[in-house]
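Undergrad:
Residue numbers (our numbering): 5 to 227.
(1) The beta strand (DSSP E) spanning residue 112 covers which residue range?
(2) Which of helix, strand or coil does DSSP assign to residue 51?
(3) Could you give the C-beta distance for residue 173 and residue 54, rounded to a whole number, given that I count them as a contact under 8 angstroms?
(4) Roughly how many whole angstroms lie between the Cα atoms of residue 158 and residue 77?
(5) Does the pairing of the segment 130-138 with the segment 99-114 give three or more beta-carbon distances under 8 angstroms?
(6) For residue 72, count neighbouring C-beta atoms within 10 Å of its own C-beta (all shown protein chains included) and say buried if the count is 16 or more, exposed if not.
(7) For residue 190, is the classification buried or exposed, using 16 other Cβ atoms within 10 angstroms of its Cβ as the cut-off for buried?
(8) Measuring CA to CA, which of 122, 161 and 128 is closest to residue 144?
(9) Taking its Cβ as the centre, do 16 or more other Cβ atoms sit within 10 Å of residue 74, making it buried, or is it exposed?
(10) Closest by CA to residue 62, which one among 201, 209, 208 and 192?
(11) Residue range of the beta strand (DSSP E) that residue 95 falls in?
(12) If the criterion is Cβ atoms closer than 8 angstroms, does the pair residue 95 and residue 123 meet it?
(13) What's the gap between the Cα of residue 139 and the Cα of residue 91?
(14) Taking the straight line between their C-alpha atoms, what separation do you get for residue 101 and residue 170?
(15) Which one of 129, 183 and 210 has the shortest CA to CA distance from residue 65?
(16) Just verifying my parser: in three-state terms, what is the DSSP assignment at residue 148?
(17) Return the chain-ordered list of same chain residues with a C-beta closer than 7 angstroms to the C-beta of residue 82, the five sequence neighbours on each side being excluded.
(18) When DSSP labels each residue in this structure, what does residue 45 get in the three-state scheme?
(19) Straight-line CA distance for residue 44 to residue 125?
(20) Alpha carbon to alpha carbon, what distance is there between residue 152 and residue 119?
(21) Taking 8 angstroms as the CB-CB limit, is residue 52 close to chain D?
(22) What does the alpha-carbon distance come out to for the pair residue 88 and residue 194?
(23) Thinking residue 166 and residue 142 are a contact (beta carbons under 8 angstroms), I'd like their distance in whole angstroms, please.
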């Protein structure tokens with residue numbers, strides 16, 4: 005198969021042709037939404053899922069303004085990280101532009117199946133869930149695929165080394181930028197609260213705030 009553009013022509017073998025077919029399927033699912041109607045009216049849900057992590061407890065650098073008369077604090081060293089890790093199993097609703105998910109200590113097939121059951125309960129049972137995802141091993145596990153087919157869920161796998169075709173990737177990059185950069189959380193609970201706070205703002209459940217995170221946390225706990 006010969007693929008051309010304005011600069012060069014590339015001769016693709018069978019693997020290249022398969023790659024383009026999978027890529028086209030993923031992009032078509034995301035873009036070919038019928039105009040003038042809601043997906044819910046068609047009993048169809050278009051979404052994307054992925055795992056964000058592992059997240060451990062460590063200082064994270066970033067950019068910020070020190071403020072007049074202030075200095076930027078140095079990041080402490082963390083040679084011992086003994087508080088374990090967490091994963092964020094995330095889903096992105098392409099119709100409503102909402103990002104949500106659950107936190108888990110692992111991302112095995114059992115955990116992914118629990119996440120799918122949680123996601124299935126968020127939508128009507130007569131809606132078909134069309135989910136774009138990568139071909140990570142837990143997504144291909146026979147029990148997971150069998151349960152998905154039985155419960156009206158269809159999987160669309162992006163090609164290997166092409167995770168950027170999944171629309172959720174840029175949403176998770178945004179979450180990392182706003183919720184985790186320039187932070188020094190002391191526990192997974194505190195880190196999870198920061199991510200959940202960002203998701204509330206990102207999904208337009210609360211207004212943007214310029215107050216310090218610790219002040220916001222104290223006011224939230226007091227409420």
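Glycine is no exception: its CB is placed at the ideal position from the N, C-alpha and C atoms.
Keep in mind that this is a model prediction, so the values were computed, not measured.
TA: Reading it off the structure:
(1) The count along the chain shown starts at 1 and reaches residue 112 at position 108. Element bounds for residue 112: n/a, residue is neither H nor E.
(2) Residue 51 sits at position 47 when you count from the first residue of the chain shown. Residue 51 falls in the strand class under three-state DSSP.
(3) Position 169 of the chain shown, counted from the start, is the residue given in the question as residue 173. Position 50 of the chain shown, counted from the start, is the residue given in the question as residue 54. Yes, residue 173 and residue 54 are in contact; Cβ-Cβ is about 7 angstroms, under 8 angstroms.
(4) Sequence index remark: in the chain shown, residue 158 carries index 154 (1-based). Sequence index remark: in the chain shown, residue 77 carries index 73 (1-based). Using only the alpha carbons, I get a separation of about 48 angstroms.
(5) Contact between the segment 130-138 and the segment 99-114 is absent: fewer than 3 CB-CB pairs across the two stretches fall below 8 angstroms.
(6) Along the chain shown, one-based indexing puts residue 72 at 68. With fewer than 16 Cβ atoms within 10 Å of its Cβ, residue 72 is classed as exposed.
(7) One-based indexing of the chain shown puts residue 190 at position 186. Classification for residue 190: exposed.
(8) Numbered from its first residue, the chain shown carries residue 144 at position 140. The residue with the shortest Cα to Cα distance from residue 144 is 161.
(9) Numbered from its first residue, the chain shown carries residue 74 at position 70. Exposed.
(10) Position 58 of the chain shown, counting from 1, holds the residue named residue 62. Residue 192 is the option with its Cα nearest to residue 62.
(11) In the chain shown, counting from the first residue as 1, residue 95 sits at position 91. 90-97 is the extent of the beta strand (DSSP E) around residue 95.
(12) Your numbering for residue 95 matches position 91 in the chain shown. Your numbering for residue 123 matches position 119 in the chain shown. The answer is yes: Cβ separation under 8 angstroms.
(13) The sequence position of residue 139 within the chain shown is 135, counting from 1. The sequence position of residue 91 within the chain shown is 87, counting from 1. C-alpha separation (whole angstroms): 17 angstroms.
(14) Translated into positions along the chain shown, residue 101 becomes position 97. Translated into positions along the chain shown, residue 170 becomes position 166. Straight-line Cα distance between these residues: approximately 14 angstroms.
(15) In the chain shown, residue 65 corresponds to position 61, counting from 1. The option with the nearest alpha carbon to residue 65 is 183.
(16) By 1-based counting over the chain shown, the position of residue 148 is 144. Residue 148: helix per DSSP, three-state reduction.
(17) Here residue 82 is taken as the residue at index 78 of the chain shown, counted from 1. Close CB contacts of residue 82 within its chain, under the 7 angstroms cut and outside five residues either way in sequence, are with 62 and 63 (chain order).
(18) Mapped onto the chain shown, residue 45 falls at position 41. In this prediction, residue 45 has a pLDDT of 46, which is less than 50 and means its spatial position is unreliable; what the coordinates show is noted afterwards. It is helical.
(19) Residue 44 sits at position 40 when you count from the first residue of the chain shown. Residue 125 sits at position 121 when you count from the first residue of the chain shown. With a pLDDT of only 45 at residue 44, under the threshold of 50, the placement of this residue in the model should not be trusted, and no figure is reported.
(20) Here the question's residue 119 lines up with position 115 in the chain shown. Here the question's residue 152 lines up with position 148 in the chain shown. Roughly 12 angstroms between the two C-alpha positions.
(21) The chain labelled as chain D is not found in the depicted structure, where only one protein chain is given.
(22) Within the chain shown, numbered from 1, the residue matching residue 88 stands at position 84. Within the chain shown, numbered from 1, the residue matching residue 194 stands at position 190. Looking at the two C-alpha atoms, the distance is approximately 14 angstroms.
(23) Translated into positions along the chain shown, residue 166 becomes position 162. Translated into positions along the chain shown, residue 142 becomes position 138. Not a contact, Cβ separation roughly 18 angstroms.
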